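Numbering (the UniProt record's numbering), first residue to last: 1 to 204. Even glycine gets a Cβ: it sits at the ideal position worked out from N, Cα and C. Values in this document were obtained by computation on a predicted structure and should not be read as measured data.
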C-alpha cells in the first residue's frame, strides 16, 4: 500500500515515449487550449481513462442482469457527476461515457471557459488572469487553470471583486466585455429617451 501521505502522480504517462502521431496530437492540444506542458494533457487523458474503465466494469455488471444495490448507486453517481460538469447530456447512459474524448474534459477547464466567455482576449491570457487571481467562480477566487467548471458555475464566472480588471477602464480588459457593459448602461437610457419622446408626440 505504501505511506498514504506520500505524494504520487495523479496521471499516467505514455507507455512509449516516441510516437509521432501521439506527440503531434499533444502539441496541437497544448496550442489550442493554452496548456503549460504535456503533463496537463496526460492528466486529462488519465481522467478520461479512469471513467472509461469504470464504465466498462459497470457495463459488464449490467450484462449479467439489472443493476441494483451498490453497483446501481455507483453507476448513478458517475453519470450524475459527468452530467453536472456538462460532459454528458441529461439523457446519457453508461455507453455514452465510452464515446467521450479528451477534448470534452479540456473544454470544461476554467482556462477554456474564461476565454470562451470573453473574459480574456486569448486562451493564454485567460491562464494569466486565473493564476494572478483576477477570476472568480461564484464569487470566490480560483487560481487553478485546470479547475473543472460545472454547468451551475459556468454562468457565475467573472472578475474577482478586488481585482483591477473589475474596472471597466482597465486596458487589459477585453473590448467585448467593455462593449457589453456600455450596452447595459446605454440601453436603459435609450429606453427612457424613447418613452419621453413618445409622451411628447402624444401631447402634441
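Whether residue i touches residue j by CB criterion (9 Å)
{"i": "residue 148", "j": "residue 110", "result": "yes"}
{"i": "residue 86", "j": "residue 138", "result": "no"}
{"i": "residue 74", "j": "residue 59", "result": "no"}
{"i": "residue 35", "j": "residue 102", "result": "no"}
{"i": "residue 105", "j": "residue 48", "result": "yes"}
{"i": "residue 150", "j": "residue 84", "result": "yes"}
{"i": "residue 33", "j": "residue 123", "result": "yes"}
{"i": "residue 46", "j": "residue 11", "result": "yes"}
{"i": "residue 210", "j": "residue 88", "result": "With the chain represented from 1 up to 204, any question about residue 210 goes unanswered, as that position is not in the structure."}
{"i": "residue 146", "j": "residue 9", "result": "no"}
Boundaries of the alpha helix (DSSP H) in which residue i is found, first to last residue
{"i": "residue 114", "result": "110-116"}
{"i": "residue 51", "result": "38-64"}
{"i": "residue 106", "result": "102-107"}
{"i": "residue 73", "result": "69-84"}
{"i": "residue 96", "result": "94-97"}
Same chain, Cβ closer than 7 Å to residue i, neighbours up to 5 away in sequence not counted
{"i": "residue 178", "result": "The pLDDT assigned to residue 178 is 46, lower than 50, so where the model puts this residue is not dependable, and the model offers no usable value."}
{"i": "residue 143", "result": "130, 131 and 133"}
{"i": "residue 76", "result": "none"}
{"i": "residue 108", "result": "85, 86, 87, 148 and 149"}
{"i": "residue 90", "result": "83"}
8 Å Cβ shell around residue i - same chain, five flanking residues per side excluded
{"i": "residue 51", "result": "78, 82, 97 and 100"}
{"i": "residue 119", "result": "126, 129, 135, 157, 158, 159, 174 and 177"}
{"i": "residue 20", "result": "none"}
{"i": "residue 282", "result": "Not covered by the structure: residue 282. The range shown for the chain is 1 to 204."}
{"i": "residue 56", "result": "98"}
Limits of the beta strand (DSSP E) - the one that residue i falls within
{"i": "residue 33", "result": "Run containing residue 33: none in the beta strand (DSSP E); it sits in the alpha helix (DSSP H), 20-33."}
{"i": "residue 137", "result": "135-137"}
Beta-carbon contacts of residue i that lie in its chain and below 6 Å, excluding the five residues immediately before and after
{"i": "residue 165", "result": "134, 159 and 173"}
{"i": "residue 26", "result": "38 and 41"}
{"i": "residue 141", "result": "133 and 160"}
Identified DSSP bridge partners for residue i
{"i": "residue 159", "result": "135"}
{"i": "residue 141", "result": "136"}
{"i": "residue 148", "result": "109"}
CB contact check: residue i to chain D, cutoff 9 Å
{"i": "residue 46", "result": "Chain labels in this structure do not include chain D; a single protein chain is all it has."}
Three CB pairs or more closer than 8 Å across the stretch 125-142 and the stretch 12-24: In the pairwise beta carbon analysis, the stretch 125-142 is classified as not touching the stretch 12-24: fewer than three pairs are separated by under 8 Å.
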